[in-house]
Amino acid sequence: MDLITQEKWDRAARSFDLMSANGPEKRWRPAKLSVFSRMRPDARILFLALGTGLDIETFPKGCNIAAIDISPKMIEAARERVAGYEGTLRAEVMDVHDMSFADNSFDQVFTSCTFCSVPRPVEGLKALYRVLKPGGELHMFEHTGSKIFPFNVMMTQMSRLASRFGPELDRDTVANVRAAGFEVTEVNHVFLDTVKTIHAVKPA
Ligand SMILES: C[S@@+](CC[C@H](N)C(=O)[O-])C[C@H]1O[C@@H](n2cnc3c(N)ncnc32)[C@H](O)[C@@H]1O
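Counting in our numbering, the sequence shown runs from 122 upward without gaps.
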């Protein structure tokens, strides 16, 4: 378990809803709804990372979801939202780098604002690759760096400060997904090229 990352996100848990629930969460809701609408009721689903559970209300009903997060404080804050989900949703404290799930055990993996936060993104994505079945799907809603000037420079500068308290803002997550072995099937830009949905498969 990466205790430095865990402590960082435990600290962020206290003010997370205040910072996210009414601004970013409302803004990104349509894109998140569109990504999570791909959850299938017949699939075994892994959701990374649960945070305080703000994403749960955009999950379709009746799915079978194992949700993980490195921060016990985040999982604790998510408890009521987890209990309110109309389907099967189990929440566990787990580091993506050190998951206890067997190889090839999930049909679908979903992530939400996660790979700006996971400290070793390519290794984290390789861990998701390991637990996905061949032919399994990876669906992501992610903040990334930009290739557009001056946003690329701004994101790198802002990242230096933001990463002390929360996410890194200049990651090339699409390249990281490919580097982990996935085949990227679709990328949709939600805001400029800095907020996007990424869809990929583990080759069968
Ligand atoms: C920006 S928050 C997003 C939370 C939620 N998906 C949302 O959009 O409201 C990032 C989350 O990633 C989690 N996280 C960071 N590194 C992790 C790791 N190595 N394994 C599992 N979760 C991790 C943090 O604890 C935090 O809850």
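Heads up, the beta-carbon is just placed ideally off N, CA and C, and yes, glycines get one too.
- DSSP assignment within the segment 199-273 yields the following whole alpha helix (DSSP H) runs of 4 residues or more, N-terminal first: 200-204 and 242-252.
- Taking Arg150 as reference, the option from Thr318, Ser221, Ser238 and Thr294 with the minimal CA-CA separation is Thr318.
- Rounded to the nearest angstrom, the gap between the Cα atoms of Gln229 and Ala248 is 14 Å.
- In this structure, Leu290 lies near His264, with their beta-carbon atoms less than 8 Å apart.
- For Ile186, the pairing in a beta bridge is given by DSSP as Ile166 and Leu210.
- Out of Met275, Val239, Asp176 and Lys182, the CA that lies nearest to the CA of Thr294 is found in Val239.
- Phe236 and Val298 have their C-alpha atoms roughly 10 Å apart.
- Sequence-distant Cβ neighbours of Ser136 in its own chain, meaning closer than 8 Å and more than five residues away, do not exist here.
- The secondary-structure analysis by DSSP pairs Asn309 across a beta bridge with Thr318.
- Exclusion of the five residues before and after Ala223 leaves Val252 as the residues of its chain whose Cβ lies within less than 8 Å of its Cβ.
- At least one heavy atom of ligand 1 is found less than 7 Å from the C-beta of Gly172.
- Within 7 Å of the C-beta of Cys234 there is at least one heavy atom belonging to ligand 1.
- A check of alpha carbon separations from Thr209 across His218, Asp123 and Phe180 identifies Phe180 as the nearest.
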